[in-house]
Amino acid sequence: MQIVDDIQTLYSEAAKELRTSDDAKLEALRLRIAQGDVFGTGITPALLARLLDETAEEAAAHFAALRSAGFIQSSLTQFSWANLDPHDRARTLDNLSMIEANVALRCRYLDMKPVLPALQRLAGVIEQHAQNDELLEVCLAVQRLFLVLVATVNAPPLFREYAAYANASTAYAWSMAQNPGAAMHISDMICSMIEALKKGDGVSAARAATYLRSMPTGEENLAVPLCG
27 MQIVDDIQTL YSEAAKELRT SDDAKLEALR LRIAQGDVFG TGITPALLAR LLDETAEEAA
87 AHFAALRSAG FIQSSLTQFS WANLDPHDRA RTLDNLSMIE ANVALRCRYL DMKPVLPALQ
147 RLAGVIEQHA QNDELLEVCL AVQRLFLVLV ATVNAPPLFR EYAAYANAST AYAWSMAQNP
207 GAAMHISDMI CSMIEALKKG DGVSAARAAT YLRSMPTGEE NLAVPLCG
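Numbering (the numbering used here), first residue to last: 27 to 254.
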């Protein structure tokens, strides 16, 4: 199997999953999984067909969609619902934060002008959803924005590692953990991070990114030393 090393292709594949589903049954199931309501049991396309009261063909498509978005995980012996409990969520967010902070710091040495329009466009999407208090949509758009940021360094192995954590299930779980009113605060922090990137201030951008991933506590736990 050929390994894809084109950043645009890798980005497109990762970003397409970071949206809510138009299928009401599938979206309701995504929310249940993110809340931990179905964790701890094995799952197969046949079981999913019975759960959603649908045909085998429909269940197979939904199974594939849930798996690609991170809501179904695989082990050596079976498929099961993703574990999105607070401990696993925190571990995943720490992994994301470490990469995001390192990339933000590296951006001090990169020409950010070509990528700023994409970051600012997504910041506008985030702000619009925040004004409507659509927290889940905010968190999904934030994840798409960070995909753009990580793609900026043009390092396919790093991007693949990041995208493995940055799936829709993580964004759903992150949104579930937030306090009421968090949407606008997240939007403000994204704007602050982009302003820092425009100025070449990688330290402030890294701090903003790390703060975001620490919400709702807002405790700064920097994964990289912010020096020089």
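Cβ coordinates follow ideal geometry from the N, Cα and C atoms, glycine included.
Checklist entry - Hey, how far is the Cα of Glu187 from the Cα of Ser201? => result Locating residue 187 in the sequence shown gives position 161, where the first residue counts as 1. Locating residue 201 in the sequence shown gives position 175, where the first residue counts as 1. Going by the C-alpha atoms only, they are around 22 Å apart.
Item to check | Phe105 - partner residues in DSSP beta bridges | outcome: For the purposes of this step, residue 105 is identified with residue 79 of the sequence shown, where counting begins at 1. Answer is Ser100, bridged to Phe105.
Item to check | Bridge partners - Gly150, DSSP secondary structure assignment | outcome: The sequence position of residue 150 within the sequence shown is 124, counting from 1. Answer is none; Gly150 lacks a bridge partner.
Checklist entry - Bridge partners of Gly68, per DSSP? => result Start at 1 with the first residue of the sequence shown, and residue 68 comes out as number 42. Ser106, per the DSSP bridge assignment.
Next on the checklist: For Arg58, tell me which candidate among Ala86, Cys165 and Leu92 has the shortest Cα-Cα distance.
Outcome noted: In the sequence shown, the residue the question calls residue 58 occupies position 32. The residue with the shortest Cα to Cα distance from Arg58 is Leu92.
Next on the checklist: Assuming Ser38 is part of the alpha helix (DSSP H), what are its boundary residues?
Outcome noted: Here residue 38 refers to the residue found at position 12 when the sequence shown is read from its first residue. Ser38 -> alpha helix (DSSP H) spans Ile33 to Ala41.
Item to check | Alpha-carbon spacing of Leu52 relative to His88, whole angstroms | outcome: Working through the sequence shown from its first residue, we reach residue 52 at position 26. Working through the sequence shown from its first residue, we reach residue 88 at position 62. Their backbone Cα atoms lie some 7 Å apart in a straight line.
Checklist entry - In the structure shown, what three-state DSSP assignment does Pro206 receive? => result Numbered from its first residue, the sequence shown carries residue 206 at position 180. Reduced to three states, the DSSP call for Pro206 is coil.
Checklist entry - Would Asn193 be called buried (16 or more neighbouring beta carbons within 10 Å of its own) or exposed? => result Indexing the sequence shown from 1 puts residue 193 at position 167. A residue is called buried once 16 or more other Cβ atoms fall within 10 Å of its Cβ, and Asn193 is buried on that count.
Next on the checklist: If you reduce the DSSP assignment to three classes, tell me which class Asn121 lands in.
Outcome noted: Counting from one through the sequence shown, the residue named residue 121 turns up at place 95. Residue state, collapsed to three classes: helix.
Checklist entry - Nearest to Leu166 by CA position, among His211, Arg45, Gly228 and Glu39, is which residue? => result Translated into positions along the sequence shown, residue 166 becomes position 140. The shortest C-alpha separation from Leu166 is found at Arg45.
Next on the checklist: To the nearest angstrom, how far is the alpha carbon of Ala41 from that of Leu184?
Outcome noted: Locating residue 41 in the sequence shown gives position 15, where the first residue counts as 1. Locating residue 184 in the sequence shown gives position 158, where the first residue counts as 1. Across the structure, Ala41 and Leu184 are spaced so that their CA atoms are roughly 16 Å apart.
Item to check | Spatial neighbours of Gly228 in its chain, beta-carbon cut-off 6 Å, leaving aside the 5 residues before and after | outcome: Residue 228 sits at position 202 when you count from the first residue of the sequence shown. The answer, listed in chain order, is Ala130, Leu131, Cys133 and Arg134.
Item to check | Same chain, Cβ closer than 6 Å to Ser213, neighbours up to 5 away in sequence not counted | outcome: Counting from 1 along the sequence shown, the entry for residue 213 is found at position 187. Correct list, in chain order: Ile152, Glu153 and Ala156.
Checklist entry - Since Val141 and Ile216 are thought to touch, with beta carbons under 8 Å apart, how far apart are those beta carbons, to the nearest angstrom? => result Within the sequence shown, numbered from 1, the residue matching residue 141 stands at position 115. Within the sequence shown, numbered from 1, the residue matching residue 216 stands at position 190. Not really, about 14 Å apart at Cβ, beyond 8 Å.
Next on the checklist: Check for me: the alpha helix (DSSP H) holding Tyr188 runs from which residue to which?
Outcome noted: What you label residue 188 is simply residue 162 of the sequence shown in a count that begins at 1. Tyr188 -> alpha helix (DSSP H) spans Pro182 to Tyr191.
Checklist entry - With 16 other CB atoms within 10 Å as the buried threshold, where does Ala177 fall? => result Indexing the sequence shown from 1 puts residue 177 at position 151. Looking at its Cβ environment, which holds 16 or more other Cβ atoms inside 10 Å, Ala177 is buried.
Next on the checklist: Please return the same chain residues whose Cβ sits closer than 7 Å to the Cβ of Leu74, not counting the five positions on each side in sequence.
Outcome noted: Position 48 of the sequence shown, counted from the first residue, corresponds to residue 74. For Leu74, where only same-chain residues beyond five positions count, the Cβ hits under 7 Å are Ala85, His88 and Phe89.
Checklist entry - Which residue from Met124, Arg170, Ala189 and Leu161 puts its Cα closest to that of Gln146? => result By 1-based counting over the sequence shown, the position of residue 146 is 120. The alpha carbon of Gln146 has as its nearest neighbour, out of Met124, Arg170, Ala189 and Leu161, the alpha carbon of Arg170.
Next on the checklist: I'd like to check one pair, Val174 with Ala209: are the Cβ atoms closer than 7 Å?
Outcome noted: If you number the sequence shown from 1, residue 209 lands on position 183. If you number the sequence shown from 1, residue 174 lands on position 148. It is not a contact, given that the beta carbons lie outside the stated cut-off.
Checklist entry - Grouping DSSP H, G and I as helix and E and B as strand, with all else coil, what is Pro242? => result Locating residue 242 in the sequence shown gives position 216, where the first residue counts as 1. Note: Pro242 maps to coil in three-state DSSP.
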